[in-house]
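As structure tokens, then:
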């Protein structure tokens, strides 16, 4: 069950990564104001929402992670470590990645490390190590979503951001403003991705993936923003990250899987930051490439 949990955590990151790429294949409609000036304003708001990421190189913190599905209800205390790419020459040689170490009753039960080229998930209870290449096919196999690694890092930090460009904004379908929120809608094939931003705070509060039938497939919420200090800045980060995946059965039944990450204390840009993952030598090895979908 711990491997199932760790791969659902990958789903959290993969969804944000997929959405942040916002690849659009449908001919765009006008924005709500229907002109280039409006698109420029909306693009600037998106850029502002991503600005706090520029001040973050590493994050390390404790979190309670709660997982619930029809088959499993589980909570784990986890240590999450994230290192983003840095333009600093001093950090250029440092490993970029995500490490998740999970504990139950003070015993470590899982340890996972995701780097730009590899995925390792070690279940210490069963003595099993799942490993494979960090590539879209593998992430799609375990999450059902095509992901990009840089955005995965930002998802665990809690600040998913779009890579804003003229091409992206020209493909924006619409933007709606209501109750202090801006909802951006991008269309990818027959699906839509919606980004809901707090217009005053210019930060992402919700992301929604909608299928061709108008049904929500995945919902991600960022809640309870609190101040987190770094040596360089003070930033507002969500204390709670929630992701719900929906599966619609033919008979009308809706099956959900939910994960909630509740952060406690976090450190940003700790000069002594390091990853502690070590590949186990005696564990039973399973190749990610040989596995079927876990969900």
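In the working numbering, the protein residues as written are 1174 to 1468. Don't be surprised by glycine CBs; every beta carbon is placed ideally from N, CA and C.
Kindly give me the distance between the Cβ atoms of residue i and residue j, rounded to whole angstroms, as I take these residues to be in contact under 8 Å.
i, j, result
"residue 1256", "residue 1241", "The Cβ separation is near 30 Å, so there is no contact."
"residue 1326", "residue 1271", "6 Å"
"residue 1457", "residue 1301", "5 Å"
"residue 1379", "residue 1369", "4 Å"
"residue 1253", "residue 1329", "6 Å"
"residue 1393", "residue 1216", "With a Cβ gap of about 22 Å, residue 1393 and residue 1216 do not count as contacting."
Check whether the Cβ atoms of residue i and residue j sit closer than 8 Å, and answer yes or no.
i, j, result
"residue 1259", "residue 1233", "no"
"residue 1218", "residue 1345", "no"
"residue 1428", "residue 1415", "no"
"residue 1396", "residue 1389", "no"
"residue 1224", "residue 1448", "no"
"residue 1269", "residue 1288", "yes"
"residue 1303", "residue 1439", "no"
"residue 1220", "residue 1348", "no"
"residue 1340", "residue 1372", "no"
"residue 1435", "residue 1400", "no"
Please classify residue i as buried or exposed, where buried requires at least 16 other C-beta atoms within 10 Å of its C-beta.
i, result
"residue 1214", "exposed"
"residue 1451", "exposed"
"residue 1377", "buried"
"residue 1236", "buried"
"residue 1318", "Only weak support exists for where residue 1318 lies, its pLDDT of 49 falling under 50; the coordinates are left without a value."
"residue 1204", "Bear in mind that a pLDDT of 46 at residue 1204, under 50, signals an unreliable position, so the number given afterwards is only what the model happens to contain. Label assigned to residue 1204: buried."
"residue 1363", "exposed"
"residue 1422", "exposed"
"residue 1281", "exposed"
"residue 1222", "buried"
"residue 1365", "buried"
"residue 1463", "exposed"
"residue 1402", "exposed"
"residue 1444", "exposed"
"residue 1411", "buried"
"residue 1352", "exposed"
"residue 1430", "buried"
"residue 1193", "Note that residue 1193 scores a pLDDT of 45, beneath 50, so its modelled location is shaky; the value from the coordinates is reported in the next line. With 16 or more Cβ atoms within 10 Å of its Cβ, residue 1193 is classed as buried."
"residue 1367", "buried"
"residue 1249", "buried"
"residue 1284", "buried"
"residue 1278", "exposed"
"residue 1418", "buried"
"residue 1461", "buried"
"residue 1386", "exposed"
"residue 1454", "exposed"
"residue 1197", "Low per-residue confidence applies at residue 1197: pLDDT is 37, beneath 50, and the placement is therefore not dependable, though the value from the model is reported in the following sentence. Answer is buried; the Cβ neighbour count reaches 16."
In this structure, what does DSSP give as the bridge partners for residue i?
i, result
"residue 1224", "Residue 1224 is not bridged to any residue."
"residue 1274", "1252, 1284"
"residue 1348", "1357"
"residue 1366", "1359, 1382"
"residue 1293", "1286, 1304"
"residue 1234", "1253, 1439"
"residue 1448", "Looking at the DSSP assignment, residue 1448 forms no beta bridge with any residue, so it has no partner."
"residue 1407", "1402"
"residue 1393", "1380, 1416"
"residue 1247", "1240"
"residue 1427", "1421"
"residue 1458", "1302"
"residue 1434", "1238, 1414"
"residue 1371", "1354, 1376"
* Say whether the stretch 1288-1295 touches the stretch 1303-1310, bearing in mind that this needs 3 or more beta-carbon pairs closer than 8 Å, one atom from each stretch. => yes
* Asked: Does the stretch 1400-1407 come close enough to the stretch 1221-1229 to have 3 or more Cβ pairs within less than 8 Å?
  -> yes
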